[in-house]
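One structure is given below, encoded as structure tokens.
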Amino acid sequence: MPKLNETYSKKAQVPDTGNKLYRDDELKGFCLRVTAAGHRSFVLNYSIDRRERRMTIGAFPAWTATAAREEAKRLKRLIDLGVDPLEERIARKTAPKVIDLWDEYQRIHLPTLTDRSARDQRSMWEKYILPTLQNQRVAELTCQQVDQLHALVTQAGRPTRANRVLEVFRKALNLAIRWGWIEKNPADGFRRNAETARERFLSSEEYQRVFDALDHMPNQKAANAIRLLILTGARRGEVLSLEWHELDLEQGLWHRPAEKSKDRKPKRITISNEAVVLLRVMRENADSGFLFPTSNGTAMQDLNRPWKWLKDETGLSDLRIHDLRHSFASVLISGGETLETIGKLLGHSQHQTTLRYAHLMDDPMRRAANKFSESFIKI
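Each step along the sequence shown adds one to the number in full-length UniProt numbering, with nothing skipped, and position 203 is 203.
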């Protein structure tokens, strides 16, 4: 057989049936395969671990004879090192992709999160990660691709969201390491966008405006939910999903189950006398196991409309619902409470989480602005 080149590869005779191999006379195992239909492709025949193998390099003329020869040489070097390139190709084709990582992540990890966190992470995957990377093999994912994902979300005007997306993706890739899919996490050490901590605390005068507005809010069920947010410092989802059996009003305790806690741990939280008074009044008219049921008997999911009404009514256009939680901590710090106590009231399982409020303990201006705790909120 002659040396396989462009001319020979083009003119090699087509067999009447099946296919025919034309072997190169210089590189052992390197062949041109021609089928009865006229299709031509370069292949490499080799032996490894006492097995005869044939691997297709590529079709002619998309692959030139010269390029195919160089690829055959590269493959033979791998074979000499004990690597079976055909097995490598098969493994690569069946290697899990990012879409497979998402399937496992949502099956294994999402159920460990609160409903709100799970919905938020699902949104990140469906809006950002999957449209960009779903067909990418996890083992071949590069740091550059991760950085490009981060840049994509950032350039969409969501720099803080970009950080959260990468944190979620990094968590999933850590699980991939645990499952043996990859050895290193390409999302480790990504460059975060700068985040400015948003600190919004209600002053005594603003608290009064809020409570005055709540007194004549058309939706008093929602008004009570907001009152309870203020008096407990709890998260919105924790209050809206609250059920009567979780409360011990005699002892002034809220036994929050693990499935309703952000960290999936049960909590025993002390609630104030003012909150107990509010809850006793609410219980007199309760007709559901939920404190804040909808018309179909399920728990309320949001406070969007009543919150907008409240902001319009009070003129506090920059106030977020979560600011009530920050303000709760600020009031307690101004009243001299310790971070440990505040952490327990907020339901923090880790002291580190409460440390975000530590700077307020040394802020006399903040204490002065919030010094209404001595004459605490009246419902």
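In this text, a Cβ means the ideal position worked out from N, Cα and C, and glycines have one as well. These figures come from a predicted structure and were not determined experimentally.
Just to confirm, are residue i and residue j a CB contact at a threshold of 8 Å?
i      : j      : result
PRO257 : GLU250 : no
ARG170 : ASP147 : no
LEU303 : ALA213 : no
ALA275 : LEU332 : no
VAL43  : ILE57  : yes
MET124 : ARG164 : yes
THR17  : ALA36  : yes
LEU166 : PHE201 : no
GLN136 : LYS97  : yes
HIS109 : LEU175 : yes
LEU253 : PHE292 : no
ALA12  : LEU32  : yes
TRP244 : GLY180 : no
ARG209 : THR142 : no
THR114 : LYS262 : yes
VAL168 : ALA162 : no
PHE30  : ALA72  : yes
THR112 : ARG264 : yes
MET55  : LEU27  : no
GLU195 : THR160 : yes
Is it right to say residue i is buried, meaning 16 or more other beta carbons lie within 10 angstroms of its own, or is it exposed?
i           : result
ILE182      : buried
HIS39       : exposed
ASP306      : Asp is not the amino acid found at residue 306; the sequence shown has Pro there. Answer is buried; the Cβ neighbour count reaches 16.
ILE90       : exposed
THR354      : Summary for THR354: the model assigns pLDDT 49, below 50, so the residue's position carries little reliability; its value from the coordinates is reported in the next sentence. It is buried - the Cβ of THR354 has at least 16 other Cβ atoms within 10 Å.
ASN224      : buried
PRO186      : buried
ASP24       : buried
GLU206      : buried
ARG69       : buried
ALA172      : buried
SER327      : buried
ILE271      : buried
VAL138      : buried
residue 408 : Residue 408 cannot be examined here, being either before or after the span of the chain that is shown, 1 to 379.
ILE230      : buried
ILE226      : buried
SER317      : exposed
LYS260      : buried
ILE269      : buried
SER41       : buried
SER79       : The residue asked about is misnamed: residue 79 is Ile in this sequence, not Ser. When all chains shown are included, ILE79 counts as buried.
VAL14       : exposed
Residues bridged to residue i by DSSP?
i      : result
SER47  : GLU52
TRP244 : DSSP output for TRP244 lists no bridge partner at all.
TYR22  : LEU32
PHE290 : GLU243
LEU253 : ASP248 and THR270
SER41  : ARG33 and ALA59
ALA299 : PRO293
Compare the C-beta of residue i with all C-beta atoms of chain B and state if any pair is closer than 8 Å.
i      : result
LEU141 : No chain B is part of this structure, which consists of one protein chain only.
* Asked: Counting Cβ pairs, one atom from each stretch, are 3 or more of them under 8 Å apart for the stretch 124-133 and the stretch 99-114?
  -> Per the Cβ contact rule, the stretch 124-133 is in contact with the stretch 99-114 (3 or more Cβ pairs under 8 Å).
* To do: Assess, as a yes-or-no matter, whether the stretch 314-330 is touched by the stretch 233-246 under the definition of 3 or more beta carbon pairs within less than 8 Å.
  => Flag = yes, the stretch 233-246 and the stretch 314-330 touch.
* Asked: Considering only residues of the stretch 210-235, which uninterrupted alpha helix (DSSP H) runs meet the minimum length of 4 residues and lie entirely inside it, listed in chain order?
  -> The stretch 210-235 contains these whole alpha helix (DSSP H) runs: 220-232.
* Do three or more CB pairs link the stretch 3-11 to the stretch 62-73 at distances below 8 Å? -> The stretch 3-11, when compared against the stretch 62-73, does touch it at the 8 Å Cβ threshold.
* alpha helix (DSSP H) runs wholly inside the stretch 86-113, at least 4 long, in chain order -> Counting whole runs of 4 or more residues, the stretch 86-113 contains the alpha helix (DSSP H) stretches 98-108.
* Asked: Are at least three pairs of beta-carbons, each pair with one atom in the stretch 69-86 and one in the stretch 46-53, less than 8 Å apart?
  -> Judged by Cβ distances under 8 Å, the stretch 69-86 makes contact with the stretch 46-53, as three or more pairs qualify.
* **In chain order, each alpha helix (DSSP H) run of at least 4 residues that lies wholly inside the stretch 112-149** => For the stretch 112-149, whole alpha helix (DSSP H) runs of length 4 or above, ordered along the chain, are 115-124 and 130-133.
* Every unbroken alpha helix (DSSP H) within the stretch 154-195, with a cutoff of 4 residues, ordered by chain -> When DSSP assignments are scanned along the stretch 154-195, the uninterrupted stretches of alpha helix (DSSP H) that are 4 or more residues long and fall wholly within it turn out to be 159-178.
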